[in-house]
Amino acid sequence: MGDNTLTRMDLSEAVFREVGLSRNESADLVEAVLQHMSDALVAGEQVKISSFGTFSVRDKAARVGRNPKTGEEVPIQPRRVLTFRPSHLMKERVANGNRK
Numbered sequence: 252m253g254d255n256t257l258t259r260m261d262l263s264e265a266v267f268r269e270v271g272l273s274r275n276e277s278a279d280l281v282e283a284v285l286q287h288m289s290d291a292l293v294a295g296e297q298v299k300i301s302s303f304g305t306f307s308v309r310d311k312a313a314r315v316g317r318n319p320k321t322g323e324e325v326p327i328q329p330r331r332v333l334t335f336r337p338s339h340l341m342k343e344r345v346a347n348g349n350r351k
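For the sequence shown, the working numbering begins at 252 and goes up steadily by one.
Spelled out as structure tokens, the structure:
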């Protein structure tokens, strides 16, 4: 695996180059989109991005887990978790990216 990471700055720079907005407007646009996605997920909505995938929030029930070192049973509290399911197109694109 490489050390490359796509950041907010990279996204806003791409919007700047591709769309032609100013750098500040591009950064504001990226921030607004990410904020809108976050707000929807907090509200329990799904976020579907065509040809990319679906983000959703899932409620996990309380359960009993084990400490792997000691084998001691530990209660795990109920919680909400964020899940991502990639689209078939994204899966194919990532799989084909490994072939050169």
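The C-beta atom is built at its ideal place from N, Cα and C for all residues, glycine as well.
Legend entry - Three-way DSSP call (helix, strand, coil) for ALA333 in this model: In the sequence as presented, Ala is not what sits at residue 333; that position holds Leu. Residue state, collapsed to three classes: strand.
Legend entry - Bridge partners - ASP370, DSSP secondary structure assignment: Since the first and last residues shown for the chain are 252 and 351, residue 370 lies out of range.
Legend entry - Given 8 Å, three or more beta-carbon pairs between the region 310 to 322 and the region 277 to 288: No: fewer than three Cβ pairs fall under 8 Å.
Legend entry - Range of the contiguous beta strand (DSSP E) that encloses LYS376: Outside the shown range of the chain, which is 252 to 351, sits residue 376, and nothing can be said about it.
Legend entry - CA-to-CA distance, ASP261 to ILE327, given in whole angstroms: For ILE327 and ASP261, the gap between their C-alpha atoms comes out near 37 Å.
Legend entry - Simplified DSSP assignment, three categories, for GLU323: In this structure, GLU323 counts as coil in the three-state DSSP scheme.
Legend entry - Best match in VAL308, SER289, PRO329 and GLU324 for proximity to PHE335 [C-alpha to C-alpha]: Sorting VAL308, SER289, PRO329 and GLU324 by C-alpha distance to the C-alpha of PHE335 places VAL308 at the top.
Legend entry - Counterpart residues of GLY316 in DSSP-defined beta bridges: VAL325.
Inset, instruction - Give me the Cα-Cα distance between VAL284 and SER338, rounded to the nearest whole angstrom. - result: Answer to the nearest angstrom: the Cα atoms are 20 Å apart.
Inset, instruction - Tell me whether SER263 is buried or exposed, calling it buried when 16 or more other Cβ atoms sit within 10 Å of its Cβ. - result: Taking all protein chains in view, the Cβ of SER263 is crowded by 16 or more other Cβ atoms within 10 Å, so the residue is classified as buried.
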